[in-house]
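Undergrad:
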Amino acid sequence: MYETNYHRASSVADAAATFAKGAESKFLAGGQTLLPVMKQRLAAPSDVIDLSKVQEMIGIEVSGDTVTIKAATPHYDVAQSDAVKKAIPALANLASGIGDPAVRYRGTIGGSLANNDPAADYPAAVLALGAVVKTNKRSIAAEDFFKGLFSTALEDGEIITAVSFPVPAKAGYAKFPNPASRFALTGVFVAKTKSGDVRVAATGASQSGVMRVAPIEQALKANWAASALDSVTIPASGLLADIHGSADYRANLVKVMGQRAVTAAG
Amino acid sequence: MGVEGIGARVVRKEDRRFITGQGRYVDDVKMVGMSYAHFIRSPHAHAKVKGIDSTEAMKMPGVIAVLTGQQIVDDKVGNLICGWAITSKDGSPMKMGAWPAMAPETVRFVGQAVAVVIAETKNQAKDAAEAVVVDYEELPAAADIKAAIKPGAPQLHPEAPGNIVYDWHLGDEAAVKDAFSKAANVVTLDLTNNRLVPNAMEPRAAVAHYDQAEEHYTLYTTSQNPHVARLVLSAFYNIAPEHKLRVIAPDVGGGFGSKIYIYPEEMVALWASKKVGRPVKWTGDRSEAFLTDAHGRDHVSKAEMALDKDNKILGLRVKTHANFGAYMSLFSSAVPTYLYATLLSGQYVIPAIYAEVIGVYTNTTPVDAYRGAGRPEASYLIERMMETAARQLKVDPAELRKANFITAFPYQTPVIMAYDIGDFHASIDAAMKAIDYAGFPARKAKAKADGKLRGIGLSCYIEACGIAPSKAVGSLGAGVGLWESAEIRVNPVGTIEVLTGSHSHGQGHETTFCQIIAERLGVPISQVSIVHGDTDKVQFGMGTYGSRSLAVGGTAIVKAMEKVEAKAKKIAAHALEASESDIVIENGEFKVTGTDKSIALPMVALAAYTAHNLPDGMEPGLKETAFYDPTNFTFPAGAYICELEVDPGTGKTSFVNFVAADDFGRLINPMIVEGQVHGGLAQGIGQALLEGAVYDNTGQLVTASFMDYTMPRADDLPSFQLSHTTTLCPGNPLGVKGCGEAGAIGASAAVINAITDAIGNNKLEMPATPDRVWHAIHG
Amino acid sequence: MSTVKLTVNGKAVSVDVEDRTLLVHLLRENLNLTGTHVGCDTSQCGACVVHVDGRAVKSCTMLAGQAAGSNVTTIEGLAKGDELHPMQAAFRDNHGLQCGYCTPGMIMSAVDIVHRHGGKLDEETVRHELEGNICRCTGYHNIVKAVLDAAGRMKVAQAAE
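Chains as they are written, first to last, in full-length UniProt numbering: chain E, 1 to 266; chain X, 1 to 779; chain G, 1 to 161.
See the structure below:
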């Protein structure tokens, strides 16, 4: 790791101000992605601004038809939250499967989304549920937030403060982990909104990061059942291929995980 | 058996320090004035080193020195060696290129060191390493066997035309040809034995110190065999004469073969410690381990088996290409020859065998012995062949094996080995009973109804451990003897120290060896200490690998004990005024048989050291040494059966049951033996399902971290169901055979045979990843 | 450079370190608590797991500064004097370790698993929860046995308190 300057932010405003002072500042939340990258000397921030102790960024609120998870809330707390389990059990389930237990204690939803790893779990939920990403400057719709691999709509110095999820009628998540890293080789989040719309997002599969899966959405709109996907074919073009999964294998996983997500959703 | 003697499940003496965080590994060692080394490694698989400019780096904070490959050549430090000379078919010696500790002219694999930075802190050394400018001229690379042997391939070493190290053979080619001409059926199979990265959890490390006043070096290193390290560092690398070099291998966090070899980093650390006049520490990180620890396996083979009309095997023909990587590592040459082809008879009567092995250089990390070393490759080949034959001949795979088992011992195979003893029917019967083999078809049908593909696979392995005798291995080209040593010191107060030339890095020697003493003397193991891993403390020994520590090292302890007991009995007889032949040892006492006269061990020991009243002519003291050279290998064997299910939607494999029935001869500590089997099985299953080192066609290691190289984790593995059948090894007084490698040797074939059975497609390579299995199901 | 103040194994400490210093290096290099190990550089192996404010985290993936003000427990702080923690005892009694290198992280993770699940642990859960700790020696068989055994012992110990 290159030498850096560590700052612990006391508030969102303090974090933004400190960020602006550094030549190449980076926000540090749980650090479960940034620190490994820094250890490999693939990132060299002059300053790291730690958001993990900013009290206004920690916590879970459920009001009416919305679940709001503040950005520095660790995955473990989301997975354990009775309120989340009741409102959107698929979201708690997703959080309970990110990384490993030690990662879940530190990793946060804000860090995961800001990094937008193509194999991260949260982007699938955010996109499928049509969540809103709230920052210290604005609110960004899920559709507008993800901009391809490791790229988001966030501007330099912009801080994700919370994510608001509309509570769906039904939702489910199924992930097939990469055997080595345990990131999602392919994960599929299916959601049926209270207005009857169906939204499906897949992570780990596409060369462009998290994606909506139109063929599955159409099939499920017609018939919300795993068997409705039996005749669906996912094209392999544009999908990721590596030693753990060829593009046609991932295409198959999008379908099979989609079916299992529907089954999980009930 | 006493409560702590042979056969007792004694909890390990060494555990307390490990579970309380008090283990002492090399990276835990600190010395006054210690500096830190960081190596500059080639990013290219093949390149000329045209220049190294360290001007800027030398100006960086804390930098003490930047040392290069040319300086190590100028200082006449020797090249790395390969310790086993193999002769090709045509009688020519194997063709080896030079391997300098840091490359002065040419790099031949990604990760090969070209220079080292020594600095006040590890971070400063790393920071400065980035400022060293190395001018490389890239050369085309041969990244695998196929690329290396094709016409016009990039050439690695001028000494080895066509990148061929040797073209070796074993067996009777004419007899095999004759067997095939008489065959009713011929079975053929192409197999790849996938390349593995050992990944002991402790990365390699070295702390080197040169004492100018004494002209003496000390090296703490992560070694399985500190004496061999000292010998090689001294005699071949010219670091220092042996009496001026102390090598200490303290607690070592796993080895699996990868810590046998004497690597460039520890040589450089020693050399640099004198150059900079400071102790030098190098601790590898995991990325360096992936790039520089010797890898394992990597064979491509074609196998053909001839059977008669009664399904008796007539002959076996095997042609194997073995990948050695860019340089010949210490024992690499022996692995695909004398540790592989000699085991191709498996557990079967095969009248004629002919094996050809072509050793190949590639622009990859050197390959050497990894848990099992040659024997897993042989076992995988023969056991997949048996399964393939059974399916082709439409007979039960267990029955085909049984019909061809060797049943009379000793048995001379056509490939050197003389199996001393075994009972292969007992092992397979035990395994089949444990897994309810007869009930499998019903279970398979039920799984099918649940949408799962269920399969069962067998593997009946045999291995050869305790490589020996020295005279025989010498005649086959080995550069060392393969005996072991022990010294027993009975101290004046009756406590006992056992100095062994073997080394424990997880095997539990500190407990097992004590149990041997407890069994013979009837003393509690708390009175016994095992001393190992320090060349200043322990007499020369050969170290630990090849499941040899108990069969060879344990026997050396027994031999030394026999001498101690003989002398102690003389002292006791003298003190008790009895005949020496009437003295028996019980519960730590020397008794005159048939009387109530006795003298306790501490009193005998005290008498030996006070020397006030010893028999006439007897030397004082009670300390004896033995060097034991076995008369033959030992032959652990067993039967493994794996039952599993494949999810047809994802290709993912889930274990239903895994049973192992092993014959290791006598078990000293069954708890430790079971632990060794568990770990071996995990590595064999890992090879079958998960692990594989992958290079791209430019020679970059794609699987260079735990993010891409699939290590077996707790949820990848089942609990294992173990049992033992016993035929005592006739070759050593303990009747033991060795258990460290069995699981890694036998497991992989059982897994692949089970998956191919489940999916009904025999074309499947390791690792059988979900992607590969899914493709094998769906085309 | 910064001064990091924290409590380690019950003792308040103050250490001057570069800001890039990881918690594991502070423990090993500055405090000589070498029981916490480094087995990888990608936050996968878990040899470095310690408890920070009661939660099992990877000390190789946390800056020392992030632990300022926290209570850290390492493997050296787990036993009460000569009395082993039930998890330590269970690892020894079940032969849940061989080379010992992954063991400290494994034990620290295992204690956390039992804290979270109480007595409701089964083999499958233990195996799943040990996902972040890699062992190369044991094949996990005896580690799983040890954790299940310790879960029982810890329940008894808790009931007795």
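Glycine included, each C-beta is placed from N, C-alpha and C at the ideal position.
Measure the alpha-carbon distance for X:S379 versus X:I745 and round it to whole angstroms.
TA: 6 Å
Undergrad: Is X:T710 close to chain E, meaning its C-beta is less than 8 Å from at least one C-beta of that chain?
TA: Output row for X:T710: interface = yes.
Undergrad: In chain order, what residues of the same chain have a beta carbon less than 7 Å from the beta carbon of X:G621, not counting five sequence neighbours either side?
TA: A608, Y609
Undergrad: Helix, strand or coil for E:A87 per DSSP?
TA: helix
Undergrad: Span of the alpha helix (DSSP H) holding X:V232?
TA: Taken as a continuous stretch (DSSP letters only), the alpha helix (DSSP H) holding X:V232 covers 226–235.
Undergrad: Check the C-beta distance from X:W483 over to X:F627 and give it rounded, since I have them as a contact under 8 Å.
TA: 5 Å
Undergrad: List the residues of chain E that X:Y706 touches, going by C-beta distances under 7 Å, in chain order.
TA: For the record, residue 706 of chain X in the displayed sequence is Phe; it is not Tyr. Here the neighbours are A180.
Undergrad: Going by Cα to Cα distance, which pick from G:N32, G:N142, G:I113, G:T74 is closest to G:G96?
TA: G:N142
Undergrad: What does a CB cutoff of less than 7 Å around X:V564 pick up in its chain, not counting 5 residues either side in sequence?
TA: I488, V490, L622, E624
Undergrad: Let's see if you can read the secondary structure: which residues bound the alpha helix (DSSP H) around X:E173?
TA: 173–181
Undergrad: Tell me the residue span of the alpha helix (DSSP H) that contains G:E83.
TA: Careful: G:E83 lies outside any alpha helix (DSSP H) and carries neither H nor E.
Undergrad: Taking the beta strand (DSSP E) that X:A682 falls in, what are its first and last residues?
TA: Here X:A682 belongs to no beta strand (DSSP E); instead the alpha helix (DSSP H) covers 670–685.
Undergrad: Exposed or buried, E:L91, counting other C-beta atoms within 10 Å across all chains shown (16 or more means buried)?
TA: buried
Undergrad: According to the neighbour-count rule (16 or more other Cβ atoms, all chains shown, within 10 Å of its Cβ), is X:T595 buried or exposed?
TA: exposed
Undergrad: Sort X:A183, X:P414, X:D647, X:W282 by Cα distance to X:A449 and report the nearest one.
TA: X:D647
Undergrad: Can you look up X:M386 in the DSSP assignment and give me helix, strand or coil?
TA: helix
Undergrad: For G:K155, decide whether its Cβ has a neighbour in chain E, counting only Cβ atoms nearer than 8 Å.
TA: Contact with chain E is absent for G:K155, since none of that chain's Cβ atoms lies less than 8 Å from the residue's Cβ.
Undergrad: How far does the beta strand (DSSP E) with X:D308 in it reach, from first residue to last?
TA: Here X:D308 belongs to no beta strand (DSSP E), and DSSP marks it neither H nor E.
Undergrad: If you pair each beta-carbon of the stretch 59–77 of chain X with each one of the stretch 162–173 of chain X, do three or more pairs fall below 8 Å?
TA: The stretch 59–77 of chain X and the stretch 162–173 of chain X do not touch, with fewer than 3 CB-CB distances between them shorter than 8 Å.
Undergrad: What's the gap between the Cα of E:G107 and the Cα of E:A29?
TA: 7 Å
Undergrad: With respect to the alpha helix (DSSP H) encompassing X:H574, which residues constitute its N-terminal and C-terminal limits?
TA: 555–576
Undergrad: Looking at the C-beta of E:F145, does it have a partner C-beta in chain X at a distance below 8 Å?
TA: no
Undergrad: Indicate whether E:K134 and E:S164 have their beta-carbon atoms separated by less than 8 Å.
TA: yes
Undergrad: How long is the line joining the alpha carbons of X:L139 and X:H46, rounded to whole angstroms?
TA: 5 Å
Undergrad: So that I know if they touch, is there some Cβ in chain E lying closer than 8 Å to that of X:G686?
TA: no
Undergrad: Out of X:K312, X:P43, X:Y338, X:V694, point me to the one whose CA is closest to X:E463's CA.
TA: X:Y338
Undergrad: Are the beta-carbon atoms belonging to E:T161 and E:M1 less than 8 Å from one another?
TA: no
Undergrad: Mind pulling the chain X residues with CB within less than 7 Å of G:A79?
TA: Proximity of chain X to G:A79 at the Cβ level (cut-off 7 Å) is accounted for by T20, in chain order.
Undergrad: Tell me the residue span of the alpha helix (DSSP H) that contains X:W271.
TA: 264–276
Undergrad: If contact means a Cβ-Cβ distance below 9 Å, which residues of the stretch 226–249 of chain E contact chain X?
TA: D242, I243, H244, G245, S246, D248, Y249
Undergrad: Specify whether the stretch 727–737 of chain X and the stretch 200–213 of chain E touch according to this definition: at least 3 beta carbon pairs, one from each stretch, less than 8 Å apart.
TA: no
Undergrad: I'd like the list of long-range same chain contacts for X:M1, defined as Cβ closer than 8 Å, with 5 residues on each side in sequence excluded.
TA: Here X:M1 scores only 46 on pLDDT, less than 50, and its place in the model is too uncertain to base an answer on.
Undergrad: What residues are listed by DSSP as bridge partners for X:F39?
TA: X:V116
Undergrad: With a cut-off of 8 Å, do at least 3 Cβ pairs link the stretch 630–637 of chain X to the stretch 648–660 of chain X?
TA: No: fewer than three Cβ pairs fall under 8 Å.
Undergrad: Ordered along the chain, which non-local residues of its own chain (more than five positions away) have a Cβ less than 6 Å from that of X:T188?
TA: E304
Undergrad: What residues of chain X sit near G:I113, judged by a beta carbon separation below 9 Å?
TA: Within chain X, no residue has its CB atom less than 9 Å from the CB of G:I113, the nearest being about 11 Å off.
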